[in-house]
Ligand code: FES
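Residue numbers (this note's numbering): 3 to 189.
This is the structure in C-alpha cells:
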C-alpha cells in the first residue's frame with residue numbers, strides 16, 4: 003500500500019507544477035511592474051529636460067554681430083564674448099609670430115576653420131578673473147584693439163591672446179561649433 007500513496011502524492015505535485023510556475027511568474031512580473039512604476043519618476047527625473055539641454059548647449063545667432071564689436075552671452079555662469087573681427091584686425095593678427103607672445107598661439111589656433119572673422123572666448127581676465135572691457139568700439143581696449151583690464155593692466159589682442167600685463171595666459175576658448183554662417187552652438 004505504501005508505494006501506491008506515494009505515486010498519488012507525486013501526481014498531484016506534478017499536476018500542480020505548471021500552475022505553481024504560472025503563479026510564480028505572475029507574481030514576479032507584477033512585482034517588477036510595480037517596482038518599475040515606482041522607480042520610473044525618479045529615473046525620468048535624471049533625464050535632462052529640453053530646457054536643461056538648451057541651457058547647456060545654447061544656439062547663438064551671430065549673424066547680427068557688427069564688425070569690430072562683440073556680444074556677451076551668459077553661459078554656465080561664465081561671460082562668453084563673441085566678436086566679429088574687421089579685415090584690418092584679421093590682417094594685423096594673422097602673421098604675428100606666436101613665439102613672440104607671452105602665451106604662444108597662432109591665428110588658426112584662435113578661430114574655427116572657415117570662420118576667420120569670429121572669435122569666441124571666455125571674457126574673464128586670466129590674471130585676476132575680472133570681466134574685461136573692449137566689447138564695444140568705444141570701450142577702452144589697449145594698444146592691440148582687443149580687450150583690457152584697466153585695473154591690473156592686462157592687455158589682450160582681438161583674438162584674446164595676452165600681449166602684456168600681469169596675466170600670462172590667453173583668454174580661454176569654450177567648446178563651440180558653428181552650425182552655419184549665422185549660428186553657433188556652445189558646448
Ligand atoms: S579688475 Fe579688471 S576691469 Fe577692473
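Even glycine gets a Cβ: it sits at the ideal position worked out from N, Cα and C.
Model, not experiment: these values are computed from the prediction.
| query | Which residue spans inside the region 63 to 127 form an unbroken beta strand (DSSP E) run of at least 3? | reply | 72 to 77, 80 to 86, 120 to 124
| Given that a residue counts as buried once 16 or more other Cβ atoms are within 10 Å of its Cβ, and exposed if not, what is residue 125? | Working through the chain shown from its first residue, we reach residue 125 at position 123. Taking every protein chain shown into account, the CB of residue 125 has 16 or more other CB atoms within 10 angstroms, so this residue is buried.
| For residue 175, does the three-state DSSP call read helix, strand or coil? | The sequence position of residue 175 within the chain shown is 173, counting from 1. Correct three-state label for residue 175: coil.
| field | Close-in-space but distant-in-sequence residues of the same chain around residue 179 (CB under 7 Å, 5 per side omitted) | value | Residue mapping note: residue 179 aligns to position 177 of the chain shown, counting from 1. So the qualifying residues of the chain are 186, 187.
| Does the Cβ-Cβ distance between residue 123 and residue 82 come in under 9 Å? | Here residue 123 corresponds to residue number 121 of the chain shown, with the count starting at 1. Here residue 82 corresponds to residue number 80 of the chain shown, with the count starting at 1. It is a contact, given that the beta carbons lie within the stated cut-off.
| Residues near ligand 1, CB to any non-hydrogen atom under 7 Å, in chain order? | 127, 130, 132, 133, 134, 135, 151, 152, 153, 154
| Buried or exposed: which applies to residue 4, given that a residue is buried once 16 or more other Cβ atoms fall within 10 Å of its Cβ? | For the purposes of this step, residue 4 is taken as residue 2 along the chain shown, with counting starting at 1. Residue placement at residue 4 is poorly supported in this model, since its pLDDT is 49, which falls under 50; the coordinates still yield a value, given next. That one is exposed.
| field | Integer-rounded CB distance, given that residue 86 should sit under 8 Å from residue 68 | value | Start at 1 with the first residue of the chain shown, and residue 68 comes out as number 66. Start at 1 with the first residue of the chain shown, and residue 86 comes out as number 84. Indeed, because the Cβ distance is near 7 Å, the residues count as touching under 8 Å.
| request: Compare the beta carbon distance of residue 173 and residue 128 with 9 Å and say whether it is the shorter of the two. | output: One-based indexing of the chain shown puts residue 173 at position 171. One-based indexing of the chain shown puts residue 128 at position 126. Contact flag set, yes.
| Are there three or more Cβ pairs, one per stretch, closer than 8 Å when the region 21 to 39 is compared with the region 53 to 62? | no
| For residue 177 and residue 118, the rounded distance between their alpha carbons | Here residue 118 refers to the residue found at position 116 of the chain shown. Here residue 177 refers to the residue found at position 175 of the chain shown. If you take the alpha carbons of residue 118 and residue 177, they lie about 16 Å apart.
| query | Between which two residues does the beta strand (DSSP E) carrying residue 188 extend? | reply | Here residue 188 corresponds to residue number 186 of the chain shown, with the count starting at 1. Per DSSP, residue 188 belongs to the beta strand (DSSP E) from 185 to 188.
| task | Express the C-alpha separation of residue 189 and residue 19 in angstroms, rounding to a whole number. | result | On the chain shown, position 17 is the one that residue 19 refers to. On the chain shown, position 187 is the one that residue 189 refers to. Residue 19 and residue 189 have their C-alpha atoms roughly 59 Å apart.
| Can you tell which of 73, 115, 149 has its C-alpha closest to the C-alpha of residue 182? | Reading the chain shown from its first residue, position 180 is the one you call residue 182. Residue 115 is the option with its Cα nearest to residue 182.
| said: Excluding the 5 residues flanking residue 175 on each side, which residues of the same chain have their C-beta closer than 8 Å to its C-beta? | reply: Within the chain shown, numbered from 1, the residue matching residue 175 stands at position 173. Only 112, 122, 123, 124, 162 meet the Cβ criterion.
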